[in-house]
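If you're matching them up, the sequences are chains A and B in order.
Count the first sequence with our numbering and you get residues 1 to 327, in order.
Count the second sequence with our numbering and you get residues 1001 to 1265, in order.
Positions of the beta carbon are idealized from the N, C-alpha and C atoms, including for glycine.
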Amino acid sequence: MSLIKAENLSKTFRIYNQGEGVTDYLKSFVTRDYREIDAVKELDLEISKGEIVGYIGANGAGKSTTVKMLTGILEPSSGDITVNGLNPYRNRKKNAMNIGVVFGQKTQLWWDLPVRESFKLLKEIYEVEDDNYDERINEFSEVLGLDEFWDQPVRKLSLGQKMRCELAAAFLHQPPIVYLDEPTIGLDVSVKEKIRDFIKKMNSKNDITVMLTTHDIDDIEDLCERVIVLDEGKKIYDGRLDSLANKFSSRRLLVDLKDVDSFSLSLRGVEEVKTNDANVEITFDREKISASDLIKEILDEYEVIDFKIKEPDIEDVVKKMYREGIA
Amino acid sequence: MKRLKTSKYFEIIKVIFKEATAYRLDALMLLASSIVFLLLYYFVWLAIDQSGEIPGGFQQVITYIVAGQIVSNAAFTQTETFIGDRVRRGTIVNELKRPISLMTYTYFHELAWALFNFIAKAVPIAIIGIIFLGIDTPNLVNTFFFVLSVFLAFNVVFLFAYSTAMLVFWTKVDWSIRMMRNTVQNLFSGVLFPLYLLPDTLNTVFNLLPFQVMADAPIQIFTMSATGSEIYFILGKQIIWIVILYFVAFFAWKKARTKLTVQGG
């Protein structure tokens, strides 16, 4: 049986147009000019207990809006949601007991208080028993290293430290479901690893279902067996990660050249060549051609000043899905 | 489970109170400005007294005005800013993901601040009023009921402010809403001028508004112009307004919740 189920889910926002200049501004008090934006369109979702599902898509694809509807924060414009047997919007408080949520860009900790106070308050709000609380904090500390900054005020923490706290806070009441909305945004590699280890551990030990939105391909590859891809509010892929794996193999190579205009390249594995003012941007498939081979080819023929390889992002994956079709 | 549930609210008060004390310097400055206002009121009414006769005399007026400052500093809330900040930044999602209603959480948050303001501002003002401005002091019974009535006044002010705060979901601005609420509240509640100075017909109208129970009601207990059963009448009136405004606040939130957007991020 599915733990999270959404059917025909849509969310439409009204964007009010204030226009330009003073007259338009004054007019906006009387006539309300607006256009409607479909943030999420006729979305069906089904997630079972114990899954870690990657929920990906470009900026503004509707990922966060979906999470806000699943958590009961936003009311769907249409469609049905059932999470652990409850309608999250109508039973917001009851549903909140069953879920943990991290909004990566919006810290929930109490700014001026030591970390320990924030957790004591969360313990009471989520009605966690004393014994469970002590046990879990110890367990979380082992992976996340919370004790390093346990007595420091939150405002003095680094972004990585804050995010480690957020993660621990989401799992504190051991909910059956945890939604993580960009939990690794802006973090360095070592913190990202800690966070991934923690998510893996919580999932395997307590069978906690995790829905993860991210822009980081490594998060997905490391954690998720299943991914759902969203574009402009619509689901364009839902299935196993490995059948999608070739979509993740695109890398971009930036080459600074003395003479950009004469550049041309056609090799197996090169997907796109974009010429800018002073450099060339080459998208290639690392499964078909290695970066070193590609660079060698270019060095042989052109005078190269500098080059760097960029990690792929979700935008590239979605682009590639459109270019090549899905799986 | 029952025990756990109440401890939730105590913990919120405790934690937010601690947070408030992190702003000690801030509180000290605010106290200083409150004292300046207190003295300003004192000299304005002294000047009015010297230019003509005030009904009831200067002593009665100044006791009323100082009591008004005690009440308005304790029964004080910035609910509009609390909500407005969170709506504009989108961090309201954090309040809405927890198993506690927004109104309940905001209430205990503001109650903790009111408690802090009571200690850091209202009590010092009372002491200054009694020692330096020579105001009349209530007897022990009225002092007790005064404190109780200030607490009820806080509840009325909070529920009123929470209702107006819901406008933030439409306007996205909070400062102007709070200023407007504060101004109207000060004008009609007795903080700016004693309501007993008003002509009878106007006084009757003022008495029918919720603002009267926000300041004038506890002030009457402080100045001993209400004693015995009159005190119960005042407290009863405050409770009725709390019930009415609770429903207003509740439905205002119901409506506002559908207006929530928090796009992106």
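Asked: Entirely enclosed beta strand (DSSP E) segments - the segment 199 to 224 of chain A, minimum 3 residues; Found: 209 to 213
Asked: Contact with chain B by Leu-117/A, beta-carbon distance below 8 angstroms; Found: The sequence given here places Glu at residue 117/A; Leu does not occur at that position. At least one chain B Cβ lies under 8 angstroms of Glu-117/A.
Asked: Members of the segment 1084 to 1098 of chain B near chain A, C-beta cut-off 9 angstroms; Found: Arg-1089, Gly-1090, Thr-1091, Ile-1092, Val-1093, Asn-1094, Glu-1095, Leu-1096, Lys-1097 and Arg-1098
Asked: Local Cβ density within 10 Å of Gly-72/A, reported as buried at 16 or more and exposed below that; Found: buried
Asked: Cβ pair Leu-86/A, Ile-47/A closer than 8 angstroms; Found: no
Asked: Amino acids of chain A, ordered along the chain, whose beta-carbon sits closer than 8 angstroms to that of Lys-1008/B; Found: Glu-124, Ile-125 and Glu-127
Asked: Cβ contact (3+ pairs, closer than 8 angstroms) linking the segment 213 to 222 of chain A and the segment 187 to 203 of chain A; Found: yes
Asked: Residues near Asp-197/A by beta carbon distance below 8 angstroms, same chain, minus five either side; Found: Val-143
Asked: Contact check, Tyr-1105/B vs Ile-1012/B, beta carbons under 8 angstroms; Found: yes
Asked: Where Ile-341/A falls, given that 16 or more other Cβ within 10 Å makes a residue buried; Found: Nothing can be reported for residue 341/A: it is not among the residues displayed for chain A, which extend from 1 to 327.
Asked: Chain-ordered residues of the segment 1246 to 1261 of chain B with a beta carbon less than 9 angstroms from chain A; Found: Arg-1257, Thr-1258, Leu-1260 and Thr-1261
Asked: Environment of Gly-1228/B [buried if 16+ CB atoms lie within 10 Å]; Found: exposed
Asked: With 16 other Cβ atoms within 10 Å as the buried cut-off, status of Glu-20/A; Found: exposed
Asked: Under 8 angstroms between C-beta atoms of Ala-1112/B and Asp-112/A; Found: no
Asked: Burial state of Met-1180/B, where buried means 16 or more other Cβ atoms lie within 10 Å; Found: exposed
Asked: Chain B contact for Ala-168/A (CB, 8 angstroms cutoff); Found: no
Asked: Interface flag, Ala-1022/B vs chain A, CB-CB below 8 angstroms; Found: yes
Asked: Element boundaries [beta strand (DSSP E), containing Asn-1139/B]; Found: Element bounds for Asn-1139/B: n/a, residue is neither H nor E.
Asked: The segment 314 to 322 of chain A / the segment 1074 to 1086 of chain B touching (three or more Cβ pairs under 8 angstroms); Found: no
Asked: Same chain, Cβ closer than 7 angstroms to Arg-92/A, five either side skipped, listed in chain order; Found: Gly-72
Asked: Span separating the alpha-carbon of Gly-239/A from that of Val-260/A; Found: 41 angstroms
Asked: Which residues DSSP lists as bridging Val-178/A, in chain order; Found: Gly-100/A and Val-210/A
Asked: Environment of Lys-1254/B [buried if 16+ CB atoms lie within 10 Å]; Found: exposed
Asked: Where Ile-1228/B falls: helix, strand or coil (DSSP); Found: Before going further, note that residue 1228/B is Gly rather than Ile in the sequence given. It is coil, neither helix nor strand.
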